[in-house]
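Following this note's numbering, the numbering of the sequence shown begins with 2 at its first residue and continues without gaps.
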Amino acid sequence: MNDCDIGVYGLAVMGQNLALNIADHDFNVAVYNRTTLRIKTFMQEEVADRSVKAAYELPEFVNLLRTPRIILVMVKAGFAIDAVIDDLKPYLQAGDIIIDGGNSHYRDSERRAELLSEHEIHYIGMGVSGGEDGARLGPSLMPGGPLEAYQRVEAILKAIAAKVGNEPCVAYLGPHGVGHYVKMVHNGIEYAIMQAIAEVYDLMRRDAGMTPQQISEVFRRWNKGPLSSFLIEITGHLLTHTAADTGEPLIDLILDRAQQKGTGKWTIQDALDIAVPVPTISAAVDARVISSLKEAREKASSILQGPLAGFEMEQDKLVKVLEQALLATMICSYAQGFDVLRVASQGYDYHLDLSQVARIWRAGCIIRADMLNMISDAFAMHNNLPNLMLAPHFAQSLQDIQSGWREVVQLAVQNGIPVPAISSALAYYDSYRSARLPANLIQAQRDYFGAHTYERIDREGQFHTLWEQ
Ligand code: 6PG
């Protein structure tokens, strides 16, 4: 009876694909879902001769598992996870392990880990990236929790994870909610890069009037160079898709209202709490929010005017500078995300190995990119590198490509095309490299209206001036 190595609770797309992936690696899998029909359909249509056993009641599911048990919960993040844990708890015993593979908030993971530890049940909060294909063929996995629990599940996770050569894209990241913390930041970076890609697409489509097919060819070319990454690759593909019913490029027919489930917003919220600037991630979240104001934008478009005269750039030149701007923005997006991880690691006692985080993002996940090899090397040299932009390779790249980056921002501003990710990244770069910023004036103003005091560059101490005298 109890010979299953792992149970998968939740058979939505991710749960189904992970269950099949695990079974393909010669582990015995038990599956359970709240609605029976889904279990039956999965067993009939997907499982074939794989070693997967279905349970239709919770006690039956738990009894199928070898003890101490390992249960991977793949349900919608939020209350559903708490409900599943409450349901499971009466049937579990000391030493059993629950892995939460949803996009949970890291604080929820910490709370759940503590709650379960009172019953000596281990909780692993695990970020899973790669969508449906990743889950089926090899995701990037970001687990955090008790080390002894990780060691018990390591063989399964290593088997199912994406590989770079023979190296699996999974590693023990540390205690508490660190797995979900790292996944949250992964998603913040994901938002920033997606927005930057959308901006260069906009400049090619709206400003230069290029067709989706022509833009697709540009992305395909870029994917062979330093921008090489999953998001560039899929953009090259999706731009060639035509609508089956009208024959038009599908991209032109998609409503320009971006949705979000909240992980980008969480990244910004936490970054603000720990005082790490993430302007490009913020710009990307704001851009999604502004996109959702479709009706308001439509009304405003006939009231608020843009620049009178446009500015033209020859197409080959445009494509060249856009590549530079996108590359620079990608570097800054990773820099901001890794800075959040660095500071959080110190503040929350995560002891994160940033080089390792970069390594497990090199395949399987949505932000996988060739650039992550260099990022991993940079943090391997110096885990406390204050900012990725300072690593010699990236400092040199930014220097080499900054003229194109600046030209793109100029072009966009002159033509009234918004580039919030690209321009915020440039402001981040320019701010970070400024030895002196105008914060002296902010301090003077604060002291003027609120006697908040200021420091001076020429002597020690706190000063207050009676400004009106
Ligand atoms: C991943 C993704 C995934 C996320 C989607 C949608 O790493 O596989 O990050 O976890 O759910 O990208 O996120 P939004 O709905 O917030 O865009």
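Positions of the beta carbon are idealized from the N, C-alpha and C atoms, including for glycine.
Buried or exposed, going by whether 16 or more other CB atoms sit within 10 Å of the CB of residue i?
i       : result
Gln-337 : buried
Phe-312 : exposed
Ser-230 : buried
Asn-18  : buried
Asn-167 : exposed
Tyr-57  : exposed
Ile-216 : buried
Lys-262 : exposed
Ala-301 : exposed
Lys-54  : buried
Leu-389 : buried
Asn-34  : buried
Ala-440 : exposed
His-106 : buried
Gln-28  : A small fix is needed here, since residue 28 is Phe in this sequence, not Gln. Its Cβ being crowded by 16 or more others within 10 Å, Phe-28 is buried.
Ala-426 : buried
Met-382 : exposed
Ala-24  : buried
Helix, strand or coil, according to DSSP, for residue i in the structure here?
i       : result
Gly-102 : coil
Glu-315 : coil
Pro-308 : coil
Ser-230 : strand
His-238 : helix
Gly-175 : coil
Lys-54  : strand
Val-32  : strand
Ala-1   : Within the shown structure, residues of the chain are numbered from 2 to 470, placing residue 1 beyond reach of any answer.
Thr-42  : helix
Thr-212 : coil
Pro-250 : strand
Ala-370 : strand
Tyr-351 : coil
Thr-330 : helix
Val-85  : helix
Pro-421 : helix
Lys-225 : coil
Leu-256 : coil
Ser-303 : coil
Gln-470 : coil
Taking just the CA atoms, how far does residue j sit from residue i?
i       : j       : result
Gly-180 : Leu-391 : 26 Å
Gly-265 : Gly-189 : 4 Å
Gln-325 : Asp-208 : 18 Å
Ala-533 : Glu-133 : A query on residue 533 cannot be resolved here, the shown segment of the chain reaching from 2 to 470 and no further.
Glu-61  : Gly-135 : 29 Å
Pro-387 : Gly-417 : 35 Å
Ser-141 : Met-127 : 10 Å
Ser-455 : Trp-468 : With the sequence shown as reference, residue 455 is identified as Tyr, and Ser is not the correct amino acid for it. In a straight line, the C-alpha of Tyr-455 is about 13 Å away from that of Trp-468.
Leu-158 : Leu-148 : 14 Å
Val-165 : Lys-225 : 18 Å
Gln-196 : Arg-434 : 24 Å
Ile-376 : Ser-356 : 7 Å
Ala-285 : Pro-421 : 7 Å
Val-341 : Thr-42  : 43 Å
Arg-153 : Ile-361 : 19 Å
Tyr-429 : Arg-67  : 52 Å
Leu-328 : Pro-278 : 19 Å
Gly-237 : Leu-138 : 22 Å
Val-85  : Ala-31  : 16 Å
Gln-411 : Gly-307 : 15 Å
Met-314 : Leu-204 : 11 Å
Gln-463 : Gly-451 : 14 Å
Asp-354 : Thr-466 : 46 Å
Pro-227 : Gln-403 : 15 Å
Ile-269 : Asn-3   : 44 Å
Gln-347 : Arg-369 : 25 Å
Pro-393 : Ile-125 : 36 Å
Gln-444 : Pro-176 : 40 Å
Glu-191 : Asp-459 : 43 Å
Cys-333 : Val-344 : 16 Å
With DSSP as the reference, identify every bridge partner of residue i, one or two as the case may be.
i       : result
Val-74  : Tyr-10 and Asp-101
Leu-142 : Val-129 and Val-171
Leu-66  : Cys-5
Val-165 : Glu-168
His-123 : Ile-98
Thr-1   : Beyond the ends of the chain as shown, which are 2 and 470, falls residue 1; an answer cannot be given.
Thr-243 : Pro-250
Phe-464 : Tyr-455
With hydrogens ignored, establish whether the beta-carbon of residue i is closer than 6 Å to any heavy atom of the ligand FMN.
i      : result
Val-48 : This structure lacks the ligand FMN; its bound ligands are the ligand 6PG.
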